[in-house]
Structure formats: structure tokens, C-alpha cells
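Numbering (the working numbering), first residue to last: 368 to 804.
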């Protein structure tokens, strides 16, 4: 019937029909949620691989960790004792003393002193190593070694022509003699050897090792740096596309924010589980439990900070989108808020305090201003990676302050406000006339 056809053509019925648009919207939001944890880890890996300063900032504090210092002291002392037989060294010394034809009592006491002497040397050695490892000198040495090692490795992988070690496309690792030849030329010139000036720039190299695995290292590095940079933007873009395609954008954005919150919390729990596996794998055979926790915690400190920031951001996104949605509770909350701000604006209007034409413009562009502030804030967070909690909180506070300012300064119905003020003034004049004021 015509009535049935009319009912089927209503928006409610259309909304219940199958829609490819809704399917694609859900698919893009789901892609964003799935890619988000990988984007976090990819961005972390890229920073550690590309940025030498960040790499040093991550690992340099380990030199000041008591547990790591104890591990280093143990390893250094063990290495020294492996290369030097202290017991034999002390025995040789005492054998030399015994050959000096000492008195009988002294000769009898020598074997008793040999063991304590060896133990004393070990104690002195450990004390000296501990003093060095706990000093600022060692911390500076540790940081310098990290910086130099990272710079050299990255230079080799990136194929820096100025690097002394070169990695060719076929996996051959070779030492470049260019710098050595230039140094020899300079030395010979300083020695007054005339033909040295005629030595040309020679780029020769000595092959060290050839392996396909080295090519895979370079490919893995290039892939990690590319994925670490682009994957966060791809995840963000997928979320934006999903929201744009959705019929109910507020609800979709709220669900996307909730899904991202769950994904980031799951990743954080997974990292804590990974820490437990790491500690159990290396302790106590390789290092102490405290040292293992210190190393893993320092390694993932930035990642955990980023995850906390992203959890707060995605949760705020979910809550904000839900409030702007069409659910009865959200509508009731907005109505109560609008009533409160309307009462404040009306009270201000009655006292002659209003924003005039500026308030009308704010009312007209209210949604655009809010969207622009949110977009700029999120873009600033993604451009200034890794995302930090302070940046997220600052962005949320700025958005809330802008929202508060808009609600207080906008003029939804300037004509009605003027009528209300005039009516209030007339009522006041009438009251004054009655009382004879």
C-alpha cells in the first residue's frame, strides 16, 4: 500500500536497511583500532633507530642505576679474573718471598697469608671497579660510548659515504681507506715529502665479510623507519575516514575512542607481561632481577608514558563524542548545560553585559571553531611525537577553555535577549512607579 511504502521511505526505515557506507565506516574505524598499538611500537622503534640523541637519553640513565652498576661491576671483575689468574700471581709472589731465606717462623707463616692476600687483592679490585662505575666519569663514558656506537652503526646502515665502514648492496661489509689515505697524505706533507701533494683522492676499501643477512639488516632498518613514521598517520587517517563515512558520526567517534582506549590498555598490559617474561628469561643466570627490571623499565619508559597519554586522549575523545551524541542521557546533559549557560548570559544581558555582534559571529561559527581547535590540537600532538601526557592534558584543557568561552560569549538569540532586557526594564520602571521611587 501507499502507506506502507511511505513508512518504508522514512529515515528510520532507511537507517535500518543494509548500508555499504556503514560497513566501510566500521571497517576503517576497526583498522584504526587494530593499527594503533603497532603504530605506537613502530614510532618507538623509529625513534630509537634514527635519533641518536633519543637513543642516548633512553639508555644513558642506566649508568646511574644501582642494580645495573652492580651488574657491570660483576662482569668487569669476572672478565679481569678470567684473564689474570690472581691465585697463581699471589702464589708466585709468595714463592719469591720464600726464596729469600726468611726465619723459620716467617717461612711457616707464609702459606697462611697466601689465601688472605689473594682475597685482599680481589677486594681491592672490586672496590676500585665499583668506585669507577659509580662515578660521574663512568656515566659520561657510558653516554659517549652509546652515542659513538649508535652513530657508527646508523652511518653504516644508511650508507653514509663519510663513514669508515661501508655496507654495499650485495651485503659486503668493508673498511674504507679514504680517511686513512687522506691522513697519510697530510702526514707526508708535514714531513716535507714533496710528492705527497700530488697524491689524489683515492677511495679504496678492504672487504671484511659478505653476508645476505647484512642486506636484510638494512632493509629491516628502512622498513622500520618508514613504518614508524607513516603508520601513526595511517591509523589516524583511517579513524577520520571512518567517522566521515558514518551516518551517526558522534556515536562512531565515541566507539572509536573507546576501542582505542581498550587497544592501548591491552598493549600496556602486554608490555608488562613481556617484562615478566624478560625478567624470568635472564634472571638469575644472566643478571639479577633488579637489573633486569631496571633495563626493561628504562627501555620502555617512553613507550609507557606515550601509552598513558594516548589512553587519556582516546578516553577524552570517547567521552566528548558521547556527550555530543543523540542518546537521551547525552541530550539531557547538554540541555542542563545549555540552561545553565543561558541563565548566566541572560543575567549578564540584564546588566548590560553582552558581546554584541561578536557574540552573534561566535554563535554562527561555533561548531567550526570547536572542530578547528580539536583538529589543531590533535595535529600538534602527532607532529610533536612521542606524544606526552602533558601535551594531551594541555590540549584537553585548551579545548575545554575554548568551549567555556564560547558558551559564555556567544549570543544564540540576540533579539530575544534584547526583548527580555526591555521587558525587565519596563517591569522595573513599573515597580518603581508603584512604590513611588
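Glycine included, C-beta positions come from ideal geometry on N, C-alpha and C.
Distance between residue j and residue i (C-alpha atoms, nearest Å)
{"i": "residue 652", "j": "residue 434", "result": "15 Å"}
{"i": "residue 519", "j": "residue 750", "result": "28 Å"}
{"i": "residue 659", "j": "residue 642", "result": "9 Å"}
{"i": "residue 567", "j": "residue 521", "result": "29 Å"}
{"i": "residue 761", "j": "residue 779", "result": "29 Å"}
{"i": "residue 488", "j": "residue 663", "result": "34 Å"}
{"i": "residue 417", "j": "residue 747", "result": "21 Å"}
{"i": "residue 586", "j": "residue 483", "result": "56 Å"}
{"i": "residue 732", "j": "residue 725", "result": "11 Å"}
{"i": "residue 757", "j": "residue 745", "result": "13 Å"}
{"i": "residue 697", "j": "residue 686", "result": "10 Å"}
{"i": "residue 715", "j": "residue 605", "result": "44 Å"}
{"i": "residue 770", "j": "residue 649", "result": "52 Å"}
{"i": "residue 637", "j": "residue 681", "result": "18 Å"}
{"i": "residue 654", "j": "residue 632", "result": "29 Å"}
{"i": "residue 657", "j": "residue 591", "result": "31 Å"}
{"i": "residue 498", "j": "residue 448", "result": "18 Å"}
{"i": "residue 387", "j": "residue 611", "result": "14 Å"}
{"i": "residue 526", "j": "residue 496", "result": "38 Å"}
{"i": "residue 740", "j": "residue 404", "result": "26 Å"}
{"i": "residue 455", "j": "residue 461", "result": "10 Å"}
{"i": "residue 332", "j": "residue 564", "result": "The chain is shown from 368 up to 804; residue 332 falls before or after that span and cannot be answered."}
{"i": "residue 621", "j": "residue 607", "result": "12 Å"}
{"i": "residue 706", "j": "residue 717", "result": "16 Å"}
{"i": "residue 701", "j": "residue 695", "result": "10 Å"}
{"i": "residue 594", "j": "residue 502", "result": "40 Å"}
{"i": "residue 787", "j": "residue 743", "result": "Model confidence at residue 787 stands at a pLDDT of 45, short of 50, so the residue's coordinates are unreliable; what they give is reported in the following sentence. Using only the alpha carbons, I get a separation of about 38 Å."}
{"i": "residue 639", "j": "residue 415", "result": "20 Å"}
{"i": "residue 598", "j": "residue 584", "result": "20 Å"}
Boundaries (first-last residue) of the alpha helix (DSSP H) holding residue i
{"i": "residue 564", "result": "Neither: residue 564 is in no alpha helix (DSSP H) and is coded neither H nor E."}
{"i": "residue 519", "result": "503-525"}
{"i": "residue 712", "result": "695-717"}
{"i": "residue 407", "result": "387-417"}
{"i": "residue 433", "result": "433-450"}
{"i": "residue 689", "result": "668-690"}
{"i": "residue 633", "result": "616-649"}
{"i": "residue 759", "result": "756-776"}
{"i": "residue 740", "result": "733-750"}
Beta carbon of residue i nearer than 8 Å to that of residue j
{"i": "residue 457", "j": "residue 485", "result": "yes"}
{"i": "residue 400", "j": "residue 676", "result": "no"}
{"i": "residue 402", "j": "residue 601", "result": "yes"}
{"i": "residue 619", "j": "residue 410", "result": "no"}
{"i": "residue 432", "j": "residue 672", "result": "no"}
{"i": "residue 312", "j": "residue 444", "result": "Beyond the ends of the chain as shown, which are 368 and 804, falls residue 312; an answer cannot be given."}
{"i": "residue 524", "j": "residue 596", "result": "no"}
{"i": "residue 609", "j": "residue 395", "result": "yes"}
{"i": "residue 500", "j": "residue 442", "result": "no"}
{"i": "residue 614", "j": "residue 389", "result": "yes"}
Residue of the options minimising C-alpha distance to residue i
{"i": "residue 634", "options": "395, 408 and 390", "result": "408"}
{"i": "residue 623", "options": "638, 689, 637 and 589", "result": "689"}
{"i": "residue 755", "options": "668, 693, 603 and 715", "result": "668"}
{"i": "residue 406", "options": "603, 777 and 644", "result": "603"}
{"i": "residue 679", "options": "390, 594 and 625", "result": "625"}
{"i": "residue 439", "options": "593, 506 and 467", "result": "506"}
{"i": "residue 730", "options": "774, 713 and 704", "result": "774"}
{"i": "residue 508", "options": "713, 423 and 549", "result": "423"}
{"i": "residue 420", "options": "727, 517, 455 and 553", "result": "517"}
{"i": "residue 453", "options": "490, 470, 703 and 742", "result": "490"}
{"i": "residue 759", "options": "712, 684 and 772", "result": "684"}
{"i": "residue 674", "options": "741, 627, 742 and 564", "result": "627"}
{"i": "residue 463", "options": "446, 645, 481 and 450", "result": "481"}
{"i": "residue 727", "options": "776, 737 and 711", "result": "776"}
{"i": "residue 737", "options": "713, 712 and 772", "result": "772"}
Quiz item: Would you call the stretch 760-773 and the stretch 711-721 in contact, with 3 or more CB pairs under 8 Å?
Solution: no
Quiz item: Do the stretch 424-433 and the stretch 505-515 make contact, defined as three or more Cβ pairs closer than 8 Å?
Solution: yes
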